[in-house]
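I have placed the structure first, in the form of structure tokens, so that the comments after it can refer back to it.
Number of protein chains: 2
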Amino acid sequence: MTASLAPSHDERMARRLAASAQRGFDGDADRARFHDWFADVAQRIYARTEPVPLDALTGWVRDPGTGDIRHNSNRFFTIEGVDVTLPSGPVTHWDQPIINQPEVGILGILIREIDGVPHLLMQAKVEPGNRNGVQLAPTVQATRSNYTRVHGGRQVPYLEYFRVPAVRCVVSDRRQSEQAAWFLRKRNRNMVVETTGDVPVQDGFRWLTLGQVHELLAVEDLINMDARTVLSCLPAAGVTVPEAFTSPASAFAVTLRRSLSPQAGARHTTTEILSWMTEVRTATDLVVTRTPVNMLREWRSTSERISHHTGRYFSVIGVEVVAGGREVARWCQPMIAPVGVGVIGLVVRDIGGVLHALMQACPEPGYVDVAELAPTVQCIPGSYDVLPGAARPPFLDLVLGAAPEQIRFDTTLSEEGGRFFHALNRCRIVEADIDLERPDFRWVAVHQLADLVQHGHYLNVQARSMLACLYSLARGGR
Amino acid sequence: MTASLAPSHDERMARRLAASAQRGFDGDADRARFHDWFADVAQRIYARTEPVPLDALTGWVRDPGTGDIRHNSNRFFTIEGVDVTLPSGPVTHWDQPIINQPEVGILGILIREIDGVPHLLMQAKVEPGNRNGVQLAPTVQATRSNYTRVHGGRQVPYLEYFRVPAVRCVVSDRRQSEQAAWFLRKRNRNMVVETTGDVPVQDGFRWLTLGQVHELLAVEDLINMDARTVLSCLPAAGVTVPEAFTSPASAFAVTLRRSLSPQAGARHTTTEILSWMTEVRTATDLVVTRTPVNMLREWRSTSERISHHTGRYFSVIGVEVVAGGREVARWCQPMIAPVGVGVIGLVVRDIGGVLHALMQACPEPGYVDVAELAPTVQCIPGSYDVLPGAARPPFLDLVLGAAPEQIRFDTTLSEEGGRFFHALNRCRIVEADIDLERPDFRWVAVHQLADLVQHGHYLNVQARSMLACLYSLARGGR
């Protein structure tokens, strides 16, 4: 065996993806063909979700001693409680139920070249928590219980591309955190894999260019969270290589494209950004202690649900799901149902010709490592009406009150519909001419975000989702 | 306030460090001046370490129920037990005592320009576990208990440069793991900070160029572990920029310098290396459960010590320390005393003109995240004599049996003398013409290691130490 160097396929892949990003729908007729297909699938696959008292969830037990909720198999996930102390936070002490799902699942997008252009295999997927039933998901979206078939369902399609090293060329593969306000240390493996072999397209799946997926990100509640986080992990150059874009573009898109180059400058060096994160992670005395659900002081457990005594934040509810076109036809499960629609806002600004996003190093109870970078704003505004003024999230009013000409992206999108019931966020990218920094906020250049997301545990799921949305604007005309 | 980009001082710092790396001792007389200074300090500061039964450690209690050992203040660290299941390992199940030290300390090197060349402020520091008393340490080496002065000692010198954001320019700042066979999730903050102000040199401290420090790495048991891990975090370009080296060099040094450039190729792309680590971290079912020391099945606790029933691996012992020139003059503490001298071996090879190191993705019980990259070999050979043949570490015989012309570095160095008693490793870098890979080993280009160490939790402390040793060879003549 001779020793040789790997071809630098990362860079070639990025250039090929740039070509894919440039290819949107070929006019209204082409776009309509996608929506017709999607509507057709949505008619054939469905999930009917009915509320069921937590005490009556078939297959699940509520421990009489602790009040914790677990599956009979001890797999999937459990509902537990945590007590949280955060001396530096606006709220310094609270308790809450939380989902403990220690298994690392796979969120994967399969790529294959069609007519010389890389295409992404996307899936029309139904989830019980989606308010609109079907959304566009990655090729594979499977918990470990899922793909080891604990519930005896059918095999997860295309899983083999993400499991067998021999047949895949890895474009991206790392574990990333999920909603750390509701999940205790949950991580999923975010994968992008390319294949050159024949891939039969199963019902409910469709090849799309990156440009088409980017267009669809602007549609309300269409691209699901799992797809968005995987899209954020694509090589940034894949949405960037400026010469790949020939269409006329807005000034914003031109700045954005330039800002995706690793050679673009930055307000703070990456060393400084990492040092700031190290400082926050070291200095924040976040203490998260497991507590039985029955011992949570601020929450009321009934046979029906677990809710905060104020009625705010979220509830743990039970549902019965009857689904067609999914692995299992009928099941019960607990879900987290947030109270109200959230706001996720990314404030961006041109600094010295390079687009920067105002990021916060945000401690949350469920992170593996104290804090990750979050978008400028991430909250459910209604939750803050009862708190003292200082607790109102900074920049929330700036994001909500932005003038139309400042708003670059404005779409309502859902969080993961497998665990969260109707968890909607208004996702906004706002260009603002502010230069304020606070100890817990920093301007981070877009290419630095693209660099950090190549590693796990730097960007939280909301930040990754917004990065995918931001990428989608690089192709945009006026 | 105007918005402007940061100067790219990372790159300038790297070039300035390259100049520092090039400047070794100015002949034998200059070298002798260092050793005279070091010998003089070593006479004035000292630590006399006497064995004391674990039951008689002043200030420490051994919990009668659990057998765990903790300080009266509940600070510093505790000795606890863990039960470890590792189905994929050569040994699939064991238990052991382990040090739990949740506080994140600071290991920091202060840099200042002297006569146009950056110098590192190094400290002659005594530690109770050092077999030779004094070793060369970073500017600051302090646990949080240390610098918040729980034990009422004097203030840690130069700490302010690493604590006050206003006066420092950060060259490097991240948390890194430490010995995960003996520490449960211990991490220290590895920092390099530059200042431009006046820095009075206290007794026991000395400014050295990076080249001088690199020369001293070849001296037996002189540069301590804390210094080595911080040195590994310097920008690789700081030891690399080829044009900075004008001295004649061996073919090995020339290859090494070329291999430090991020533009050099690699056997596997960094994406592939990260994917492999993700695979190992996801697929390894490492289960580490806290167990009271009294419940450890394989270990014997006496009033004197805690030892494995075979007498192998290590013991937990007690010591009383009387020290001058340290923060506290007299104290007791438990320590881990390994049985026998270890071997840390890094096998390197020129692949396509680029130097690669054979790294293993090695699960250990104390990592925050299952596995990190370790050198080719990392073991105490004597521990393996009792185990079945398959358990003998791969490549150990290759490293031990290397011909003299293959050996690029060969020095006995110590692990941290604050917790480990006489923990010595033979550290060898061996150039070998093998092309073998196993599922748990990969060839990683040197510039990829330099890239990975810019983030926490990829390279374990032994790998970082060997990387610092490898860097020291870039300047080398024949």
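These protein sequences, in sequence, are chains A and B. Sequential numbering from -1 applies to the first sequence in my numbering. Sequential numbering from -1 applies to the second sequence in my numbering. Glycine residues also receive a C-beta, built at the ideal position from the N, C-alpha and C atoms. All values derive from a computational prediction rather than experimental measurement.
Query                                                                                                                                : Result
Below-8 Å beta-carbon distance, ILE107(A) vs any chain B residue                                                                     : no
Any chain A beta carbon closer than 8 Å to ASP272(B)                                                                                 : It should be pointed out that residue 272(B) corresponds to Leu in this sequence rather than to Asp. It does: the Cβ of LEU272(B) has a partner Cβ on chain A nearer than 8 Å.
Where ARG476(B) falls: helix, strand or coil (DSSP)                                                                                  : Only weak support exists for where ARG476(B) lies, its pLDDT of 39 falling under 50; the coordinates are left without a value.
Burial state of MET293(A), where buried means 16 or more other Cβ atoms lie within 10 Å                                              : exposed
Segment contact flag, the segment 324 to 341 of chain B with the segment 366 to 382 of chain B, C-beta cutoff 8 Å, min 3 pairs       : yes
Residues sharing a beta bridge with LEU396(A), DSSP                                                                                  : DSSP output for LEU396(A) lists no bridge partner at all.
Residues near HIS307(A) by beta carbon distance below 8 Å, same chain, minus five either side                                        : GLU296, TRP297, ARG298
C-beta atoms of ALA372(B) and TRP274(B) nearer than 8 Å                                                                              : no
The segment 194 to 205 of chain A in contact with the segment 29 to 40 of chain A per 3-pair CB rule at 8 Å                          : yes
C-alpha gap between LEU55(A) and SER305(A), whole angstroms                                                                          : 17 Å
Contacts around VAL80(A), its chain only, beta-carbon distance under 7 Å, and the 5 residues preceding and following it disregarded  : ASP93, GLN94, ILE96, LEU182, VAL286, THR287, ARG288, THR289, PRO363
Proximal chain B residues relative to SER485(A), where beta-carbon distance stays under 7 Å                                          : Residue 485(A) lies beyond the stretch modelled for chain A, which goes from -1 to 476, so this question has no answer here.
Segment contact, 8 Å Cβ cut-off, at least three pairs: the segment 61 to 81 of chain B with the segment 345 to 361 of chain B        : no
Rounded C-alpha distance that separates PRO233(B) from GLU213(A)                                                                     : 40 Å
Beta carbon proximity, LEU3(B) to chain A, threshold 8 Å                                                                             : yes
Inter-residue Cα distance where the pair is THR137(A) and VAL199(A)                                                                  : 11 Å
Contacts around ALA264(A), its chain only, beta-carbon distance under 6 Å, and the 5 residues preceding and following it disregarded : ALA443, GLN446
Residue range of the beta strand (DSSP E) that includes ALA135(A)                                                                    : 132 to 135
Residue ranges of each beta strand (DSSP E) within the segment 41 to 79 of chain A, 3 or longer                                      : 44 to 50, 58 to 60, 67 to 69
Cross-chain neighbours of VAL102(B) in chain A, by beta carbon under 7 Å                                                             : THR280
Integer-rounded CB distance, given that VAL428(B) should sit under 8 Å from GLN452(B)                                                : No, GLN452(B) and VAL428(B) are not in contact; Cβ-Cβ is about 26 Å, not under 8 Å.
Integer Cβ distance of VAL368(A) from ARG279(A), believed to fall under 8 Å                                                          : 4 Å
The segment 104 to 112 of chain A contacting the segment 125 to 143 of chain A, beta-carbon criterion three pairs below 8 Å          : yes
Identity of the residues DSSP links to ASP171(A) by a beta bridge                                                                    : MET189(A)
GLN177(A) to LEU411(A) span [Cα, whole Å]                                                                                            : 14 Å
Alpha carbon of THR0(B) to alpha carbon of ASP433(A), nearest angstrom                                                               : For THR0(B), the predicted model reports a pLDDT of 41, less than 50, meaning its position is unreliable; a value from the coordinates is still stated below. Straight-line Cα distance between these residues: approximately 8 Å.
Closer than 8 Å to chain B by CB, GLY350(A)                                                                                          : yes
Inter-stretch contact at 8 Å, needing at least 3 Cβ pairs: the segment 391 to 403 of chain B / the segment 326 to 338 of chain B     : no
Three-state class that DSSP yields for ALA216(B) in the structure shown                                                              : coil
CA-to-CA distance, LEU356(B) to GLY454(B), given in whole angstroms                                                                  : 20 Å
Through-space distance from GLU9(A) to HIS117(A), alpha-carbon basis                                                                 : 17 Å
Interface residues of the segment 170 to 200 of chain B facing chain A [CB-CB below 7 Å]                                             : SER170, ASP171, ARG172, ARG173, ARG187
Where the segment 206 to 224 of chain A meets chain B: residues whose CB sits under 7 Å from a CB there                              : none
Given 8 Å, three or more beta-carbon pairs between the segment 41 to 53 of chain B and the segment 215 to 235 of chain B             : no
Residue from MET11(B), ILE67(B), ALA30(B) with nearest C-alpha to SER301(B)                                                          : ILE67(B)
PHE181(A) - containing alpha helix (DSSP H), residue span                                                                            : That residue, PHE181(A), is in no alpha helix (DSSP H); it is neither H nor E in DSSP.
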